[in-house]
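Chains as they are written, first to last, in this note's numbering: chain U, 287 to 958; chain H, 64 to 414; chain X, 865 to 1338.
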């Protein structure tokens, strides 16, 4: 039998002036099930709360309604008081008779009946309330970071430094990502490798970080706090525990392969290390290029066509029979930091990318500028190695182009183009640089000053206008563009054209689907809320950082990586996490397994479950809610026609009872 | 055989007299091709042509929904107030003999052992004027279950078709009271006229080509409980309650509270053994878990259990509405025959 | 009930005779509108004291049944408000709800609810001013509409004064007997083959019933029984209704389907009630079926009867072919007469329309024949059979009947294929076909979705487009 207590607050004059509180308390007292009803000046005050707590204890109340201000303001206050008095906090409800009654209806003859009705409605709700207890979800206190670029490495280090084990998964043979390919970084002109390598080494040596390079995520199952990830470790054919990185194998290998790290502008061997500072320093044998890959004897015996690397390897690290390995890791949180790649500039046909080796994109130019690059840091034409006297740099290649490219701004190109111009001028002081631009976006710290320096001190020519075409004629590249500030078409002859192509999300791996997170229309990983939750996703336990989420520069990437790490640490800070109990539950006896509930859930919190008999035969399939992932919106409740699913705290019975008491019965209603 | 002869116009005059006198007359009316019993205020609306109403007139003695009592839970306790039966004197006019026989079945159910006061009150206030059939409909089989197009069971005042007019004969004191005004002006019917009317009835009886359901079959049917024929018969049934609700003799009801936890009415409403939840218990266990078991129940109730309780009379009155209106054409007669033959036969599913 | 009063009336202090004030039940989402209403309070904006707020986490939580319940409880008006699309705290609840509200609004208006009584708004947490305006506007509209007279009629239902437009003559005559017999023969042979080869363990088709010309569903499990399979224009049943029962069984089933029936099969596939690989669909090229009066059923006027693409077999008078093929029969089709009837009803003033539907629902027996024949009503326990809470009153009266029929129509929104079986079997001739057709028209016009065409798409009320129409939302 319900024993409800009602406490009507005066809130000083705020309520009492326009609502007759004693009448409200009187009318509540007449409601069946209400055993105690009183009014008081300030319910939220200490004495006010004491009255409530005493009443709960002395009268054994099974539920209370505090008729006062908005639950947005004081629901936690009164629920805490209820809990202290031994009443489950979810059996305490508030009737808002202030913000939505006394403050907006100056006439007590109108406000008072409405207040009575609101109270009556909340009393009916509370009568149907059940004690709810927070959902405890065990948390595996280990994290996974997918992507070993600067974002992934930073996040992994932050989490590892906080004392939690981290698995860092990278699909290339070395961590470092795109930042490892850069020469110097704006606006400080730090050598990219110099600032990145210490982080990479730290990550590889950190006792809490397990580095899985040349590995890809195969499958992710489970949910927040309890993920199981299967990772495919691709075979290097070199034993990592034994390889000393002496480099003798490279000297012996007969196969030359265009080096991906240098964007095909230099060569590597079939057995290789991508760049000198690679972490880990283990060499990798590229099976697609190694001569042995083709020599499988039809009878099944493996015949090795070439064993030169193995012959010279003193530690005997080469293992041609190495197999891919599937490993499983259990983690509580996952950070997706898979970075970016450049927009395929050949799609901008007017720029001629891909038709001539001297039309390069930004990352290729970085390699040309790098001391460890294909030209040793000298700016030379890829076609014939001749010096570059004139370079044209074109901004917004693919970016800000809703028709043929991507509609968004890639954020970093203005800055790196300026940097390219500056670095080129430092190497070739009498070289000419023309930069074609639409706008200059330099919003970061020191960025505007950097641009000014490049424009004014370095005497780089900035032409405000677009390029209509880049052609090659008689061994020259000619760039046709417009100078809109002067109002003329221009032509520039160039030895080298650098295209600042758009940043697009890194492709391949189908990671978003495996992590069950959303991507935006451009393929970037979708954050939970662009302003307030920029590093979380809607899938609890999965976070994003870096350019995988949207184009950004290194400072923002590192900041976001640490932000993601802090969210991970929040999650891992306790062995169990508590979730609000206002979650949905399925009545499996009634569920038809139509899965309309699953289709409307934004959080993927509903899955199918088989109910088997003792012989293991499937008797029924039902929907099941994972309370760790349910956010309590209730969309599934409405999608369910037979009412097989209900939402604790806002059950169908509660809403029905509330609605019934909210509205007076129609006069003269008769049952025929 | 006494009684009177009425032409069509005279029948109308009689109805007008009754209506003018304040009698509530409920008769078949045709509403857009749907014939149903309604309270009439204009005799021109009354439709006595061949054919049955969509469903029997049982709702006028056994309403679809009826309040039993109202309750209110106040701070100081619970108040219960019995519902008043809003019934008035009524004449059910133009009730086919099968429907009247159905009323007799309902009487046995509601007045047989414990008296149902709500039913009793309405039934007391009801006079039944039955209407013999000039033609049988394709689904009719009253003769197979001991009825007749000229049957008298359940009727207070019988009307038989006689050419363009009617012969009228009171069968009970209620009928006599109702026909009181006729004795002052209506022409008496002769014995020959009655003989002709009887002959017409016999012709209609013969036109019904269904063979009789034998009384002995009740025990054979009961013994067929575990026969696989029920599975085959019942799988087609979709578990609605059209058969039950149109049936003149079905009387099951459910009791529900209509209101809130604090106040409302306890009502009874028509229910059907064909519904999946009819026998589901609070534990969740349902002794009739399949549609086949529920279909079997309905058939056996009509043709086995009821006869065993009520001196061999079938509960089914052979109106055939269930056959005509069933969405999937379940034929209760056919079911009976197949179940009776099944132990001897191969248990063939037939349909 | 009125003798004792209910809790709410008890709670209300006695007021003397005074001018009628509308009561508007307002269902608000916690994060936006409720907070917006709070803001109106914090800024002391005065507005009419007519709304009674009910807080839910999200507009996505608002079941159309709750709105129906509000009117049933006696509210003069209902106001539903939540976050602007794109701002939902739970990402998309409001946009899913928006589709539901669209369907509900069309249905409620169609059954005669005065549109001035039902209001929708998007009010954010910062729009205290807008909230007070929304309340004022809703109050004015409800005031104009007057006190709500109750959900069902009181006393004897009035005779319908509405006459629907005459249905035009059917576009084609009765099918030829020889064709029907040929189809029957092909069905028999095909069924026998499928059973003999063990491809299926039961063929569900039609056979002669016990009344003249009647066709009823039949289950053939042995090839020697295949000869009872028949075909005529009386093969009205939608046999897809039997499919959900086979969901958990290993047995493979062959089902004879017409074009209209196949739409229900698509719906069952969308909702995982049937396993495609365990069903063999035998499509019959259908010239149309007869209604209860013996003339061409309304649903057949606009239908060419061609075997839909998802069928495994095509049966025509010429033979049975594997796959779905055009029949080669040129069938005359005209406009769907249900469109005209719905349009006519929709054109009437609300009170006339309300009278029409009240009269219709007053006749309803609550036999649930409509539910039983409908393939999409497959729930093991129907909402009407639940009492915690009792969404659908158990009383067989105008109020309970209206709630039941509105509930079923809302649950069929976006799912009803228009086979009209419900209307055919209704003992009271309630025009359920028009009710469902109205909602189907709304779903098609608003969301571009035609039920029963593509089993791979999500049902329309489970999804949304960011630009779904919302001109009815303030």
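Positions of the beta carbon are idealized from the N, C-alpha and C atoms, including for glycine.
- Under the criterion of beta carbons closer than 8 Å, residue 618 of chain U and residue 428 of chain U qualify as touching, at roughly 6 Å.
- Near chain X, meaning a CB-to-CB distance below 9 Å, the residues of the segment 80–95 of chain H are 94 and 95.
- From the listed residues U:373, U:337 and U:366, the smallest Cα separation to residue 347 of chain U is found for U:373.
- Restricting attention to alpha helix (DSSP H) runs no shorter than 4 residues, the segment 776–857 of chain U encloses them at 797–801, ordered along the chain.
- Looking from the CA of residue 778 of chain U, the closest CA among U:792, U:800, U:798 and U:747 belongs to U:747.
- Distance from the CA atom of residue 311 of chain U to the CA atom of residue 323 of chain U, rounded to whole angstroms, is 6 Å.
- When C-beta distances to chain X are compared with 7 Å, the residues of the segment 921–932 of chain U below that value are 921, 923, 924, 925, 927, 928 and 929, in chain order.
- In chain order, 355 place their CB closer than 7 Å to the CB of residue 294 of chain H, counting only its own chain and leaving out the 5 sequence neighbours on each side.
- Closest in C-alpha terms to residue 1189 of chain X, from the list X:1221, X:1123, X:1082 and X:1165, comes X:1123.
- Taking 7 Å as the cut-off, the beta carbon of residue 834 of chain U is found closer than this to the beta carbon of residue 811 of chain U.
- Counting along the chain, residue 765 of chain U sits inside the beta strand (DSSP E) bounded by residues 762–769.
- Per the C-alpha coordinates, the member of X:886, X:1283 and X:919 positioned closest to residue 1165 of chain X is X:1283.
- Leaving aside the five residues that flank residue 1173 of chain X on each side, the residues in its chain whose CB is nearer than 7 Å to its CB run, in chain order, 1188.
- For residue 322 of chain U, the nearest beta carbon of chain X is not closer than 7 Å to its own beta carbon.
- Put simply, the segment 393–401 of chain H does not touch the segment 231–248 of chain H. Fewer than three CB pairs are less than 8 Å apart.
- Identification of chain U residues near residue 1135 of chain X by a Cβ-Cβ cut-off of 9 Å yields 878, 879, 880, 881 and 882, ordered along the chain.
- In this structure, residue 490 of chain U sits near residue 566 of chain U, with a CB-CB distance shorter than 7 Å.
- Non-local C-beta neighbours of residue 1270 of chain X in its own chain, meaning closer than 7 Å and more than five positions away in sequence, comprise 932, 971 and 975, ordered along the chain.
- Within 10 angstroms of the beta-carbon of residue 287 of chain U lie fewer than 16 other beta-carbons, which makes it exposed.
- Residues are counted here when their Cβ sits less than 7 Å from a Cβ of chain U; for the segment 900–913 of chain X these are 901, 902, 904, 905, 906, 908, 909, 910, 911 and 913, given in chain order.
- By a beta-carbon distance limit of 8 Å, residue 780 of chain U does not contact residue 744 of chain U. Their separation comes to about 17 Å.
- Contacts between residue 1269 of chain X and chain H, judged by CB atoms closer than 9 Å, are missing: the closest CB pair is about 15 Å apart.
- The alpha helix (DSSP H) runs lying completely inside the segment 328–389 of chain U and spanning 4 residues or more are 332–345 and 357–370, given in chain order.
- Judged by DSSP in its simplified three-state form, residue 329 of chain H adopts strand.
- Beta-bridge annotation (DSSP): residue 1038 of chain X is not paired with any residue.
- Within chain H, not a single residue places a beta-carbon under 9 Å from that of residue 950 of chain U; the smallest gap is close to 13 Å.
- Close partners of residue 138 of chain H in chain U (Cβ separation under 8 Å): 315, 316, 317, 318 and 320.
- Residues of the segment 932–946 of chain U with a C-beta less than 8 Å from any C-beta of chain H: 943 and 946, listed in chain order.
- Judged by their CB atoms, residue 613 of chain U and residue 914 of chain U are not nearer to each other than the 7 Å cut-off.
- Chain-ordered, the chain U residues with CB closer than 8 Å to the CB of residue 933 of chain X read 942, 945 and 946.
- Taken through DSSP and simplified to helix, strand or coil, residue 469 of chain U comes out as coil.
- Look at the beta carbons and you see the segment 1228–1239 of chain X touching the segment 304–317 of chain H: at least three pairs across the two are nearer than 8 Å.
- Residue-level contact check: residue 323 of chain H touches chain U, since one or more beta carbons of chain U fall below 7 Å from its beta carbon.
- Residue 862 of chain U is not a Cβ neighbour of residue 437 of chain U, given a cutoff of 7 Å.
- The way I'd put it, the segment 1024–1040 of chain X does touch the segment 1202–1209 of chain X; three or more beta-carbon pairs between them come closer than 8 Å.
- Listed along the chain, the chain H residues whose CB falls inside 7 Å of the CB of residue 965 of chain X amount to none; the nearest CB is some 27 Å away.
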